[in-house]
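For reference, the structure discussed in these notes is given below.
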Amino acid sequence: MNNTSILTQPGLTPLGVVTEPPTNWTDCFPLECLTFDDVNITQAHIDMAAARMAEASDNNFLRWLSLDRGFKADYTAFQEGPIYGRLLSNGTWENALWGNGRWTGSSTWLLVQLDSAKLQEMGWEVVWKDAHQEKQVRFTDEGFRVGGYRLADGQLVLHPPQY
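All residue numbers for the sequence shown refer to this note's numbering, where the first residue is 81 and numbers rise by one.
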């Protein structure tokens with residue numbers, strides 16, 4: 081939240097035209113803009129950051145790494161988003177109820193710039209709308225698994241899903 085991320089810097093079009101930053105951190109109303117490591121960061125700051133990244137990223141999220149990803153209603157939140165509904169291939173929402181809430185995967189999202197082809201080869205989704213909620217729960221020789229994720233000694237192992 082201190083204007084040092086890629087999303088807060090001006091960009092360039094393929095023709096070299098300077099573009100505005102996709103998001104800004106100079107106006108955090110009604111919150112105070114803080115750096116990511118400030119001791120006064122609240123859940124509201126995290127929610128705001130997640131919402132701004134989701135809205136400004138042009139789907140550059142690698143994958144949502146949580147079991148509850150989506151926008152959930154929360155009347156105490158400052159952000160507005162698509163509650164329920166279905167994300168279409170063109171990036172718009174169908175049958176969504178717009179209201180205050182939060183992106184529930186906000187604390188576990190990764191935003192990276194890596195070789196997309198290599199990541200896909202390893203099992204990662206690189207288009208966030210293609211990610212899906214992991215619902216299958218089973219116990220294997222490796223231990224407790226949820227979808228492609230595994231628990232080891234009570235800790236979630238975050239490697240690409242192995243189906």
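All C-beta atoms, glycine included, are put in the ideal place defined by N, C-alpha and C.
Going by C-alpha positions, residue 215 is about 11 Å away from residue 229. Excluding sequence positions up to five before and after residue 179, its CB lies within less than 7 Å of the CB of 153, 160 and 163, all in the same chain and listed in chain order.
Counting the other CB atoms within 10 Å of its CB gives residue 232 a total below 16, which places it among the exposed residues.
Judged by DSSP in its simplified three-state form, residue 157 adopts coil rather than helix or strand.
For residue 217, the pairing in a beta bridge is given by DSSP as 226.
Residue 126 carries a helical assignment under DSSP once its states are collapsed to helix, strand and coil. The beta carbon of residue 124 lies closer than 7 Å to those of 111 and 158 in the same chain, with the five residues before and after it left out. With contacts defined as CB atoms closer than 8 Å, residue 168 and residue 133 fail to qualify as a contacting pair. Inclusion of residue 101 and residue 94 in the CB contact set at 8 Å is not warranted, their separation being larger than that value.
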